[in-house]
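In the UniProt record's numbering, the protein residues as written are 1 to 383.
In structure tokens, the structure reads:
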């Protein structure tokens, strides 16, 4: 087959180039959570033109294979965080590699409150589990919130639709369509898998509800199309501090912000949290916070590293350790800022800190681009 042309702005790199950029996929360049034990490992790399990149190396079995996938549920653990949108506003599913690597039906990473009941009983995922997850996605769309299915079903049984519906959706669809979506969500979230609809019947039920099928997604969603606005966006205080490499101001803002940006991201601890090992890991974070507050950055690095090695997930901890590294080890600081972005892709702070690290490394052009990415995220967040 003829090689398809790449879209404008994209470049293709050979395996040899990527191998050279990562020093032969050296373990020291791994930035993904769980290191080389992860199903798909992320490396930091440096191209010949001194451009830093992140490279995800997929397990050989991660690629979609229609022959092996036929007749089985391709995608489980579906939730709003796995749906991305392209520049046209069209939805795209992400994390296919993770889905296929857990195709044995033994993996589910969402909060236990949103996990199919049969998975909690047996530890396995079945095709009906996909439908249950789709029901939680419908709830997110209807309510604008991440409501636990059990609570939502109580509201539906009590016919408290108004408490369930997002007020921002008022006037955007008829009462009949809203009722049908609530009914579908309720059916998808039934406790017994056999009582849930199959995918074919879901498509049949949703097709009449879909309106304006010929109108492009970017028009429906009000996304500007074509040329981008050239208006210069104003930097936020943190963005401004990172652009000036004002480490004192960055420290004050990270300290003031605390861990509020970790909500919904950091580990939800199970019964294991009461073991000595987990408790010691949590204590190391507290010691790291104390050192960070006192600007004892070497101690902060040591304590936060112990917390991270305990398999705990916190973008804020990576952000704080990033600043601790910034004085003397900008390359390590950049790695931590990139890891914070891996955990929380829509977090402007991760981009601002990457920009600060890039400025420190003398990579001003890349720093300015990253600073703009963070500013764009911040603008969308507050629009």
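No residue lacks a Cβ here, since even glycine has one placed at the ideal position from N, Cα and C.
State the DSSP-derived secondary structure class of residue 335, mapped to helix, strand or coil. The residue you call residue 335 lines up with position 335 of the chain shown. Residue 335: helix per DSSP, three-state reduction.
Apply the 10 Å Cβ neighbour rule to residue 286 and answer buried if 16 or more other Cβ atoms are within range, or exposed otherwise. As a position in the chain shown, residue 286 is number 286, starting the count at 1. When all chains shown are included, residue 286 counts as exposed.
Within the chosen definition, does the segment 235-247 reach the segment 147-165 through at least 3 CB pairs nearer than 8 Å? No contact exists between the segment 235-247 and the segment 147-165.
Tell me the rounded alpha-carbon separation between residue 144 and residue 137. Along the chain shown, read from residue 1 onward, the residue named residue 144 stands at position 144. Along the chain shown, read from residue 1 onward, the residue named residue 137 stands at position 137. One C-alpha to the other measures close to 10 Å.
Identity of the residue in 299, 329, 338 nearest residue 318 by Cα: Here the question's residue 318 lines up with position 318 in the chain shown. Among 299, 329, 338, the Cα nearest to that of residue 318 belongs to 338.
For residue 54, which beta-bridge partners are listed by DSSP? Within the chain shown, the letter at position 54 stands for residue 54. In the DSSP output, where bridge partners are listed per residue, residue 54 has 44.
Could you spell out the range, first to last residue, of the beta strand (DSSP E) harbouring residue 92? Position 92 of the chain shown, counted from the start, is the residue given in the question as residue 92. Element bounds for residue 92: 91-93.
Does the pairing of the segment 330-350 with the segment 280-298 give three or more beta-carbon distances under 8 Å? Cβ pair count under 8 Å is below three, so no.
Below 8 Å between beta carbons: does that hold for residue 371 and residue 331? What you label residue 371 is simply residue 371 of the chain shown in a count that begins at 1. What you label residue 331 is simply residue 331 of the chain shown in a count that begins at 1. No.
Give the DSSP-derived three-state secondary structure of residue 229 in the structure shown. Position 229 of the chain shown, counted from the first residue, corresponds to residue 229. In this predicted model, residue 229 has a pLDDT of only 41, less than 50, meaning its place in the structure is not dependable enough to derive any value.
Pairwise C-alpha distance: residue 170 and residue 187: Working through the chain shown from its first residue, we reach residue 187 at position 187. Working through the chain shown from its first residue, we reach residue 170 at position 170. Each residue's alpha carbon lies about 23 Å from the other.
Whose CA, out of 324, 310, 315, lies closest to the CA of residue 294? Here residue 294 refers to the residue found at position 294 when the chain shown is read from its first residue. Out of 324, 310, 315, 324 has the C-alpha closest to the C-alpha of residue 294.
One question on the structure: do residue 141 and residue 147 come within less than 8 Å of each other, judged by their Cβ atoms? The residue given as residue 141 occupies position 141 in the chain shown. The residue given as residue 147 occupies position 147 in the chain shown. Taking 8 Å as the Cβ cut-off, residue 141 and residue 147 do not qualify as a contacting pair.
Name the residue from 240, 256, 122, 185 whose alpha carbon lies nearest to the alpha carbon of residue 378. Translated into positions along the chain shown, residue 378 becomes position 378. Sorting 240, 256, 122, 185 by C-alpha distance to the C-alpha of residue 378 places 240 at the top.
List the DSSP bridge partners of residue 343. Position 343 of the chain shown, counting from 1, holds the residue named residue 343. Note: residue 343 sits in no beta bridge, so no partner.
As a quick exercise: from 190, 178, 313, pick the residue whose alpha carbon is nearest that of residue 210. Taking the chain shown and counting its residues from 1, one reaches residue 210 at position 210. It is 178.
Locate the beta strand (DSSP E) running through residue 85, then write down its first and last residues. Locating residue 85 in the chain shown gives position 85, counting from the first residue. Note, residue 85: beta strand (DSSP E), 83-85.
Rounding to the nearest angstrom, what Cα-Cα distance links residue 192 and residue 118 in this structure? The residue given as residue 192 occupies position 192 in the chain shown. The residue given as residue 118 occupies position 118 in the chain shown. When rounded, the distance between both Cα atoms is 8 Å.
Taking the alpha-carbon positions, what's the residue 24 to residue 46 distance? Within the chain shown, numbered from 1, the residue matching residue 24 stands at position 24. Within the chain shown, numbered from 1, the residue matching residue 46 stands at position 46. For residue 24 and residue 46, the gap between their C-alpha atoms comes out near 12 Å.
Simplified DSSP assignment, three categories, for residue 131: Numbered from its first residue, the chain shown carries residue 131 at position 131. In the three-state DSSP reduction, residue 131 falls in the helix class (H, G or I).
Helix, strand or coil at residue 199 according to DSSP, with G and I counted as helix: For the purposes of this step, residue 199 is identified with residue 199 of the chain shown, where counting begins at 1. Looking at residue 199 - three-state DSSP - the assignment turns out to be helix.
Assuming residue 186 is part of the alpha helix (DSSP H), what are its boundary residues? Counting from 1 along the chain shown, the entry for residue 186 is found at position 186. Per DSSP, residue 186 belongs to the alpha helix (DSSP H) from 175-188.
Helix, strand or coil for residue 391 per DSSP? The requested residue 391 does not occur in the structure, where the chain is confined to residues 1 to 383.
Could you say which of 48, 291, 252 lies nearest to residue 16 if we only look at CA atoms? Numbered from its first residue, the chain shown carries residue 16 at position 16. Comparing Cα-Cα distances from residue 16 to each of 48, 291, 252, the minimum goes to 48.
Below 8 Å on the Cβ atoms is my contact criterion, and I expect residue 259 with residue 316 to pass it. Report the Cβ-Cβ distance as a whole number of Å. Taking the first residue of the chain shown as position 1, residue 259 is located at position 259. Taking the first residue of the chain shown as position 1, residue 316 is located at position 316. Confirmed, Cβ separation roughly 5 Å.
Best match in 297, 288, 244, 298 for proximity to residue 307 [C-alpha to C-alpha]: The residue labelled residue 307 in the question sits at position 307 within the chain shown. Nearest option by C-alpha distance: 288.
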